[in-house]
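**Student:** So that we are looking at the same thing, I have put the structure below in structure tokens.
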Amino acid sequence: MSINTIYKVTLHPFINESIASLKSMTSLSGSAGETFLDKVEDFRFKGYAVCSNITGCLDGVIMMHHYPETAVAIGNSVCQNMFDEKYDYQEINEELSNALAEWGNTIVGRATDLLSRNNLKFDFSSPYFIHNFNDMEKYLEGVKEIVTVPISVEGVGRYYFNLLVRNVNFQTTNVEREQSTGISNPHTKPLPLESKVLLVDDSAMIRKALKRFLAGLGYNNVIEADDGLTAVEAVKNENPDFMFMDVVMTNMNGNEALKTIRAIGSEVPVVMLSSVTDKGLVDECQQIGVSGFIFKPIQADNGAEIIKNYLKIA
Numbered sequence: 001m002s003i004n005t006i007y008k009v010t011l012h013p014f015i016n017e018s019i020a021s022l023k024s025m026t027s028l029s030g031s032a033g034e035t036f037l038d039k040v041e042d043f044r045f046k047g048y049a050v051c052s053n054i055t056g057c058l059d060g061v062i063m064m065h066h067y068p069e070t071a072v073a074i075g076n077s078v079c080q081n082m083f084d085e086k087y088d089y090q091e092i093n094e095e096l097s098n099a100l101a102e103w104g105n106t107i108v109g110r111a112t113d114l115l116s117r118n119n120l121k122f123d124f125s126s127p128y129f130i131h132n133f134n135d136m137e138k139y140l141e142g143v144k145e146i147v148t149v150p151i152s153v154e155g156v157g158r159y160y161f162n163l164l165v166r167n168v169n170f171q172t173t174n175v176e177r178e179q180s181t182g183i184s185n186p187h188t189k190p191l192p193l194e195s196k197v198l199l200v201d202d203s204a205m206i207r208k209a210l211k212r213f214l215a216g217l218g219y220n221n222v223i224e225a226d227d228g229l230t231a232v233e234a235v236k237n238e239n240p241d242f243m244f245m246d247v248v249m250t251n252m253n254g255n256e257a258l259k260t261i262r263a264i265g266s267e268v269p270v271v272m273l274s275s276v277t278d279k280g281l282v283d284e285c286q287q288i289g290v291s292g293f294i295f296k297p298i299q300a301d302n303g304a305e306i307i308k309n310y311l312k313i314a
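Note that the sequence shown covers residues 1 to 314 in UniProt numbering.
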């Protein structure tokens, strides 16, 4: 098992996506350093990590690994780009954790989608977060090799991608980054400003940003839900006129919630949001009945315009 094989097949799309997301979500510039092998016995936790378990022909963990000060700087930049405001937190708090989660979710969602298209016979879990070394110990159990790629962020510092490998059995496939585009709303009539809009996303940060974009466009009758089950109840009880809904959420994903909403007879226009660009998922949502599909990220400099383009009915 060579570093070259692992890098091309597994790490390459994650690194590409993280550098691309740095530019689009933080306006920071990043570059990848040389890949190297870490010694398992010497591996040290640096303070903050976004992880995803890998199962199938590759068994292990992919990890975006930050020093605390790097995580703080990136989290502040994500917030600044999302809300067009100055952020200067000095340590990780709930708002920065939400920002880093959104950044990590975007990277993992897009990279794993790209890998899935190559039929590599391994899968990734939803991203999760590690904040202290005691949490790390269980993920090092059975790890045979650790492949590391440093990412230097201009003016900030660096973070690392670590591939913690327990077992591997797959063939090499070259992967390249694809530019993802959303599915536009085919309707032409603008949604009336007094309409009730339901925002559904398990990220409080995304809901906050969307609410700001809507307010800037004159839509102030906005309600929120943080998962698919709550969204279904909101449709039943609140009778919204329009919905924006994430796909990957806790309790019930957006595509399942959409099926349920249509099954109970609601024809409310729904625009889906996701960092997952899988064509099968997009096709499924279109067949169920959506009014568009937005691929994340959306930022302060383009968010209002993107949302405006989707706020159409009939």
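C-beta: ideal position from N, C-alpha, C; glycine also.
A quick note: this is a predicted structure, and the numbers were derived from the prediction, not measured.
1) Quick one: what's cysteine 51 bridged to in DSSP?
2) State the DSSP-derived secondary structure class of leucine 193, mapped to helix, strand or coil.
3) Taking the C-alpha atoms as reference points, what is the distance between glycine 254 and arginine 44?
4) Do valine 222 and valine 197 have their CB atoms nearer than 7 Å?
5) Which residues mark the beginning and the end of the alpha helix (DSSP H) in which alanine 225 is found?
6) Here's the rule: buried if 16 or more other CB atoms are within 10 angstroms of the residue's CB, otherwise exposed. What is phenylalanine 295?
7) Please report how far the alpha carbon of proline 13 lies from the alpha carbon of glutamate 141, in whole angstroms.
8) Can you find the residues in the same chain that come closer than 8 Å, C-beta to C-beta, to glutamine 179, ignoring five residues on each side of it along the sequence?
9) For serine 52, collect the residues of the same chain with a Cβ closer than 6 Å to its Cβ; drop the 5 residues on either side in sequence, then sort them by chain order.
10) Taking the alpha-carbon of tyrosine 139 as reference, which of Ile54, Leu281, Ala204 has the nearest alpha-carbon?
11) Between threonine 260 and aspartate 227, is the Cβ-Cβ spacing less than 7 Å?
12) Take serine 29 and list the residues in its own chain whose beta-carbon comes closer than 6 Å to its own, dropping the five residues that flank it on each side.
13) Can you tell which of Leu100, His65, Leu214 has the C-alpha that lies nearest to the C-alpha of cysteine 79?
14) State the Cα-Cα distance for the pair aspartate 283 and threonine 10, rounded to the nearest angstrom.
15) Within its chain, find whatever has a CB closer than 8 Å to the CB of isoleucine 15; leave out the 5 residues flanking it on each side and keep chain order.
16) In chain order, what residues of the same chain have a beta carbon less than 6 Å from the beta carbon of glutamate 176, not counting five sequence neighbours either side?
17) Can you say whether serine 21 is buried or exposed, counting buried as having 16 or more other CB atoms within 10 angstroms of its CB?
18) Return the first residue and the last residue of the alpha helix (DSSP H) that glycine 75 is part of.
19) Starting from serine 274, trace the beta strand (DSSP E) both ways and give me its first and last residue.
**Tutor:** So, from the listed chains and residues:
1) Met63, Tyr128
2) Three-state DSSP puts leucine 193 in coil, outside helix and strand.
3) 37 Å
4) yes
5) Per DSSP, alanine 225 belongs to no alpha helix (DSSP H); it is in the beta strand (DSSP E), 222-225.
6) buried
7) 26 Å
8) Confidence at glutamine 179 is low in this model, with a pLDDT of 44, below 50, so the placement of that residue is unreliable and no value is reported for it.
9) Ile62, Val108, Phe124, Ser125, Pro127
10) Ile54
11) no
12) Around serine 29: Glu154.
13) Leu100
14) If you take the alpha carbons of aspartate 283 and threonine 10, they lie about 26 Å apart.
15) Closer than 8 Å at the Cβ level, and outside the excluded window around isoleucine 15, lie Ala32, Val149, Ile151, Phe161.
16) Unreliable placement is indicated for glutamate 176, whose pLDDT of 44 sits below 50; no coordinate value is reported for it.
17) buried
18) 68-83
19) 270-274
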